[in-house]
Amino acid sequence: MRVLIILNAVIFLLFGLGFVFIPETLSQFITDSVPTTTSGMTDMRATYGGISIGFALFLGITSRDSQLYVLGTKAILLVVGGMAFGRIIGMVQDGSPNEMMYVNLVLEVVVVIIGWMLLSKSRAVDVHSD
């Protein structure tokens with residue numbers, strides 16, 4: 350679980366820093382567009398950047414204590430699973446996603462499956478140790 354938590358912390362931190370400092374570049378790469386107003390750019394820095402950095406720091410905290418691994422893994426499942434859910438709805442509702450949307454969805458689903466398997470394994474160990 351710790352490896353999954355640390356890996357996600359690093360990815361979310363890099364993603365967040367990227368959107369704080371070079372939002373135009375990342376937005377163009379991921380969505381094929383860039384917000385056209387200063388408020389749009391500021392919101393992108395705050396939402397994509399700030400929330401990702403905050404989540405990365407939370408995961409960093411949970412990676413330092415084995416008693417928090419389950420919490421960190423559950424947080425990854427909820428956040429990344431929520432991203433996948435929103436992406437699927439967007440793909441169906443909005444249509445015509447670019448290639449990055451498919452790449453991101455596959456990565457999100459893989460992370461959720463790995464996290465789910467690790468939590469299931471953890472529960473099986475807990476049940477057998479009682």
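Be aware that the sequence shown starts at 350, since it is given in my numbering, and climbs by one per residue.
By construction, the Cβ of each residue, glycine as well, lies at the ideal position given by its N, Cα and C atoms.
| task | Starting from the C-beta of VAL369, find all residues in its chain whose C-beta is less than 8 Å away, skip the five residues before and the five after it, and write them out in chain order. | result | The beta carbon of VAL369 sits closer than 8 Å to the beta carbons of ARG394, GLY398, GLY399, ILE402 from its chain, once the five residues preceding and following it are set aside; these are given in chain order.
| Where do the N-terminal and C-terminal ends of the alpha helix (DSSP H) with GLN377 fall, by residue? | Looking at the DSSP string, the run of the alpha helix (DSSP H) that includes GLN377 is 372 to 380.
| CA-CA distance, PHE361 and PHE404? | Using only the alpha carbons, I get a separation of about 7 Å.
| query | For the putative contact between ILE354 and SER445, defined by C-beta atoms under 8 Å, what is the C-beta separation to the nearest angstrom? | reply | With a Cβ gap of about 35 Å, ILE354 and SER445 do not count as contacting.
| request: Measure from the C-beta of LYS423 to each C-beta in chain B and report whether the shortest distance is under 9 Å. | output: Of the protein chains in the structure, only one exists, and it is not chain B.
| message | Suppose you measure from the CA of GLY431 to the CA of THR422; what does that come to, to the nearest Å? | response | Between GLY431 and THR422, the alpha-carbon positions lie close to 14 Å from each other.
| ILE462 classed as buried or exposed, judged by whether at least 16 other C-beta atoms fall within 10 angstroms | Classification of ILE462: exposed, given that the 10 Å Cβ count is below 16.
| Are the CB atoms of VAL459 and ASN357 nearer to each other than 9 Å? | No, they are not a contact pair.
| task | Have a look at ILE379 and TRP465 and give me their C-alpha separation to the nearest angstrom. | result | Each residue's Cα considered, the two are about 27 Å apart.
| request: For my contact list, VAL419 and LEU468 are in at a C-beta cut-off of 8 Å; report their separation, rounded to the angstrom. | output: With a Cβ gap of about 7 Å, VAL419 and LEU468 count as contacting.
| query | Is DSSP giving THR387 helix, strand or coil here? | reply | Of the three classes helix, strand and coil, the one that applies to THR387 here is helix, per DSSP.
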